[in-house]
Amino acid sequence: MSSGETWLDACVADPDNRDSRCRAITIGRTTSAVLSMVGCLFALFVILVFKKFRFFTQRLVINVLCVCFLLASLSLHTGNLGHTTECSVAGFFRNLFGLTQNLWIMCIEIHLLIMTITQTRYPHLERVYHGVVWSTGLLLSLVPFIGDHYGPAGQSF
Numbered sequence: 002m003s004s005g006e007t008w009l010d011a012c013v014a015d016p017d018n019r020d021s022r023c024r025a026i027t028i029g030r031t032t033s034a035v036l037s038m039v040g041c042l043f044a045l046f047v048i049l050v051f052k053k054f055r056f057f058t059q060r061l062v063i064n065v066l067c068v069c070f071l072l073a074s075l076s077l078h079t080g081n082l083g084h085t086t087e088c089s090v091a092g093f094f095r096n097l098f099g100l101t102q103n104l105w106i107m108c109i110e111i112h113l114l115i116m117t118i119t120q121t122r123y124p125h126l127e128r129v130y131h132g133v134v135w136s137t138g139l140l141l142s143l144v145p146f147i148g149d150h151y152g153p154a155g156q157s158f
């Protein structure tokens with residue numbers, strides 16, 4: 002380690018570091034990602050087995066589960082890619098899936114609020130939600146490419 006660099010910086014710079022603290026971080030990160038993926042698959046399995054996908058609100062939950070699964074699978078990717086195209090692509094998809102995950106949750110909350118206030122269902126909003134979520138997420142994830150602001154960010158974000 003150079004002066005001013007902490008052990009955590011050394012772990013990020015070299016994921017194959019043999020320091021026990023680095024291994025603990027890697028194990029924790031991998032375990033967290035795998036448990037998240039298993040939880041998403043289990044919830045998706047339950048919704049599909051009990052045929053709850055017929056309900057619009059459950060289809061919204063399925064969208065969140067799929068995005069969460071993709072985001073967790075990206076967390077399994079480790080390594081310092083430096084300032085490469087692969088790093089920028091990984092950063093783009095992490096931003097995209099993180100934003101869309103939050104936007105889907107916001108859509109679920111808005112939909113439940115509308116259902117509670119008006120006491121009616123609006124399944125025709127599904128396409129509107131898809132358009133808003135994916136276009137907003139895509140637009141906001143593309144913004145850092147202006148001026149190459151993804152740059153070198155350690156472990157590809």
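Offset between the sequence shown (1-based) and this note's numbering: plus 1. Just so you know, even glycine gets a beta-carbon here, dropped at the ideal spot from N, CA and C.
| query | result |
| --- | --- |
| The alpha helix (DSSP H) that contains residue 24, what's its start and end? | 21-50 |
| Quick check on this structure: which residue in 146, 78, 130 has the alpha carbon closest to the alpha carbon of residue 64? | 130 |
| Between the C-alpha atoms of residue 49 and residue 67, what's the straight-line distance to the nearest angstrom? | 13 Å |
| Measuring straight from C-alpha to C-alpha, what distance separates residue 200 and residue 121? | Given that the chain is displayed from residue 2 to residue 158, the structure contains no residue 200 and the question cannot be resolved. |
| For residue 111 and residue 127, what's the separation of their Cα atoms in angstroms? | 12 Å |
| Closer than 6 Å by C-beta to residue 101: which residues in its own chain qualify, once you throw out the five before and the five after it? Chain order, please. | 68, 134, 138 |
| Report the residue from 33, 107, 23 whose alpha carbon sits nearest the alpha carbon of residue 75. | 33 |
| Sort 56, 91, 92 by Cα distance to residue 109 and report the nearest one. | 56 |
| What would DSSP say about residue 74, mapped onto helix, strand or coil? | helix |
| Where do the ends of the alpha helix (DSSP H) carrying residue 138 lie? | 127-143 |
| Between the Cα of residue 97 and the Cα atoms of 106, 85, 54, 72, which residue gives the shortest distance? | 72 |
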